[in-house]
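Scroll down for the structure; my scribbles are underneath it.
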Amino acid sequence: MNKNINSQLFRKKYRIPSTRLLGWDYRSAGDYFITICTKNHYCYFGKVIDGHVILNDFGTYAQECMMNINKYCDYAEVSNHVIMPNHVHSIIKLVGKNKHKEANRFGPLLKKSLSSLVNHYKGRVTKFAQANNVKGWAWHPRFHDRIIRNHIDYENCRNYIQNNPKKWSEDRFYKQ
Numbered sequence: 037m038n039k040n041i042n043s044q045l046f047r048k049k050y051r052i053p054s055t056r057l058l059g060w061d062y063r064s065a066g067d068y069f070i071t072i073c074t075k076n077h078y079c080y081f082g083k084v085i086d087g088h089v090i091l092n093d094f095g096t097y098a099q100e101c102m103m104n105i106n107k108y109c110d111y112a113e114v115s116n117h118v119i120m121p122n123h124v125h126s127i128i129k130l131v132g133k134n135k136h137k138e139a140n141r142f143g144p145l146l147k148k149s150l151s152s153l154v155n156h157y158k159g160r161v162t163k164f165a166q167a168n169n170v171k172g173w174a175w176h177p178r179f180h181d182r183i184i185r186n187h188i189d190y191e192n193c194r195n196y197i198q199n200n201p202k203k204w205s206e207d208r209f210y211k212q
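Residue 37 is where the sequence shown starts when you use my numbering, and the numbers rise one by one after that.
Structure follows, in C-alpha cells:
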C-alpha cells in the first residue's frame, strides 16, 4: 500500500489529515495564534453591535476561562484574545522547556501542548454549557493554529484580534 495512503488510515478507516505543521513539537516555547469555532458557526456567545462584542452569560464564561489560563496554567500565557459570537481568537505563548522534542502526532494528547490546552479550554466551556442547558451546544471538532514566527507576524495577529469586532460583517465566520 502507498505510504501516503497509509498515513491517512486509522483502524482501516480514512481520516482527515492533520492541519498541524508536520514535525513541529507543539509544546515548543513560542507564540501561537489560534481560532476555535462553534459547531456550524452558531452564535452562542453574544452579538456584535456597532463594532463592540456584547457577550451573554455564556460568552462571559468563555472569556473568564480564557483569562484564567494565565492564573492556572504554568506553561502558557494568553497575551491577547477576543470572544466573538461564534468563535474565539487568541494569542497563546507557551513557556518552559521540554526535555525531549516530540513531533506532533495522531494519538493521545501530549502534556503541556497547545492541543491539550485547547482541549482543556473547550472542555471547561462545554461543561458550563451542559450545566446550564445551552441548547444544541457544540464546538467545531478542530481548531486553527498558526505559529507566530516574528514580531511583525505577532503585531499582525494582535491587530487582527483587536479589529475583529469592528470588521464583524466582513468576517468569514459572520452570521447574524
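From the three backbone atoms N, C-alpha and C, an ideal C-beta is built for every residue, glycine too.
Residue pairing by DSSP puts residue 118 in a beta bridge opposite 125. Annotation for residue 84: the continuous beta strand (DSSP E) segment containing it runs 82 to 85. Between residue 169 and residue 118, the gap from beta carbon to beta carbon reaches 8 Å or more. Assignment of residue 160 by DSSP, reduced to helix, strand and coil, places it in the helix class. Residue 73: member of the beta strand (DSSP E) spanning 66 to 74, first to last residue. In this structure, the CA atom of residue 207 is about 11 Å from the CA atom of residue 123. Straight across, the Cα-Cα distance linking residue 116 with residue 88 is about 16 Å.
Under the DSSP assignment, residue 181 falls in the beta strand (DSSP E) whose first and last residues are 175 to 184. Under the three-pair Cβ rule at 8 Å, the region 103 to 114 does not count as touching the region 79 to 88.
Here residue 69 is near residue 184, since their CB atoms are less than 8 Å apart.
For residue 88, the enclosing beta strand (DSSP E) begins and ends at 88 to 91. The C-beta of residue 95 has 16 or more other C-beta atoms within 10 Å across all chains shown, which makes the residue buried. In this chain, the alpha helix (DSSP H) harbouring residue 199 covers 187 to 199.
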